[in-house]
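Residue 143 in the numbering used here is what sits at position 108 of the sequence shown, and the numbering runs on without skipping anything.
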Amino acid sequence: MTRADLAEAVFRKIGLSRTESAYLVESVLEEICTTIAKGEAVKISSFGSFLVRSKNERVGRNPKTGEEVPISPRRVAVFKPSNVMKDRILAAHDRRSGTAQPVLKAAE
36 MTRADLAEAV
46 FRKIGLSRTE
56 SAYLVESVLE
66 EICTTIAKGE
76 AVKISSFGSF
86 LVRSKNERVG
96 RNPKTGEEVP
106 ISPRRVAVFK
116 PSNVMKDRIL
126 AAHDRRSGTA
136 QPVLKAAE
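Below you can see the structure in the form of structure tokens.
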């Protein structure tokens, strides 16, 4: 799904104009990016969390030459899906593969 697809979905479901829908999607994505760039987490209930993780320096290997190469420390953005999202993905996969099993809820 692309930004344009998201804007189109907002247009169809919410009833905003296409321009307003595109602006809304861009505004939400920009806010998420700005917050993550500051090193803060973005937590969206029943969806998941966008986090920044620090990666330590490590040794990698050039796949062509086999030469060891140092990989410098860096910060990376990661997405951690909520349990609700994980359950929805599992249920959709099970429906498609025909192996649906009851979902056990973890005590929270």
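Yeah, the Cβ is synthetic: ideal placement off N, Cα and C, and Gly gets one too.
Could you please give the first and the last residue of the uninterrupted beta strand (DSSP E) stretch that includes residue i?
i: Ala112; result: Arg109 to Pro116
i: Ser81; result: Neither: Ser81 is in no beta strand (DSSP E) and is coded neither H nor E.
Compare the beta carbon distance of residue i and residue j with 8 angstroms and say whether it is the shorter of the two.
i: Val111; j: Lys90; result: yes
i: Phe82; j: Ser117; result: yes
i: Arg53; j: Ala44; result: no
i: Ser84; j: Lys121; result: no
i: Val63; j: Arg38; result: no
i: Val87; j: Ile67; result: no
For residue i, name the three-state secondary structure that DSSP assigns.
i: Phe46; result: helix
i: Lys99; result: coil
Closer than 6 angstroms by C-beta to residue i: which residues in its own chain qualify, once you throw out the five before and the five after it? Chain order, please.
i: Gly144; result: Nothing about residue 144 can be reported from this structure: the residues present for the chain run from 36 to 143 only.
i: Gly133; result: none
i: Asn146; result: Summary: the structure shown does not reach residue 146, with the chain confined to residues 36 through 143, and so no result is reported for it.
Once you ignore the five residues that flank residue i on each side, which residues in its own chain have a CB closer than 8 angstroms to its CB?
i: Gly101; result: none
For the alpha helix (DSSP H) holding residue i, just list the boundary residues, first then last.
i: Ser62; result: Arg53 to Ala72
Could you name the residues of the same chain whose beta carbon sits closer than 7 angstroms to that of residue i, not counting the 5 residues immediately before and after it, in chain order?
i: Glu92; result: Pro105, Ile106, Ser107 and Pro108
Closest Cβ-Cβ distance between residue i and chain D: below 8 angstroms?
i: Phe114; result: No chain D is part of this structure, which consists of one protein chain only.
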